[in-house]
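Just so we're aligned: the sequence shown equals residues -8 to 123 in the working numbering. Glycine is no exception: its CB is placed at the ideal position from the N, C-alpha and C atoms. Nothing here was measured: the structure is a model prediction, and the numbers come from that model.
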Amino acid sequence: MPPCSADTERARHAYAERLRQLAGARLLLPLTVGVPGVNAGWGQMLLVTRLDQGYAARFVSLVGIFHCTGARSEDGDARLAQAYARAGMDTVRTVRCDAHPSDAGCWLHAPQVCLSTLAVPEDAPIAPAGID
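Encoded structure:
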């Protein structure tokens, strides 16, 4: 798939299947919020690395990128904009795909994915073989 602007929920479905297939695989994903009146979004590039125990993550740079038609949802855009407004992007350590309630470790919590400040635990189960 070509790179495009996306929010966390929709990007997860498009790329998770490829990323989960190989430990050590990496994905550089633009996570942007829409700019009113402009066909582009601004945000951060998230580097996700597949480990045996889960997905390590960290923001690595700023990004401005044109929209990818259909890749953004209003709810996801608002959720990401709120997280960026809180700051703390430097504390993100993992992408969690397990079902869990929002807690203090969630930098951005969405129904099916979470950008977490918690490190991938050494004793965590192997990352799921199938991600919805």
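- Query: R84 by DSSP, collapsed to three states: which one?
  - Reply: In the displayed model, R84 falls within coil according to three-state DSSP, outside both helix and strand.
- Counting along the chain, where does the beta strand (DSSP E) carrying R70 start and finish? It is not in any beta strand (DSSP E) - R70 instead sits in the alpha helix (DSSP H) that spans 65 to 77.
- Close-in-space but distant-in-sequence residues of the same chain around L10 (CB under 6 Å, 5 per side omitted): Correct list, in chain order: A16, L18, R41.
- Query: Should the segment 53 to 65 be called in touch with the segment 78 to 97, which here means at least 3 C-beta pairs below 8 Å?
  - Reply: no
- Task: Please go through the same chain and pick out, in chain order, the residues whose beta-carbon is closer than 6 Å to the beta-carbon of V39, but skip the five residues on each side of it.
- Result: L18, Y46, A48, V86
- What is the DSSP secondary structure of L138, reduced to helix, strand or coil? Because the chain here runs from -8 to 123, residue 138 falls outside it and cannot be looked at.
- Item | Chain-order list of residues whose beta-carbon lies under 6 Å from that of V111 (same chain, five-residue window excluded) | L42, Q44, G45, A47, T85
- Task: Name the two residues that bound the continuous beta strand (DSSP E) containing Q35.
- Result: 31 to 42
- Pull up the distance between the alpha-carbon of C59 and that of A14, whole angstroms please. 28 Å
- Three-way DSSP call (helix, strand, coil) for L13 in this model: coil
- Message: Tell me the DSSP secondary structure of G55 in three-state form.
- Response: It is a strand residue.
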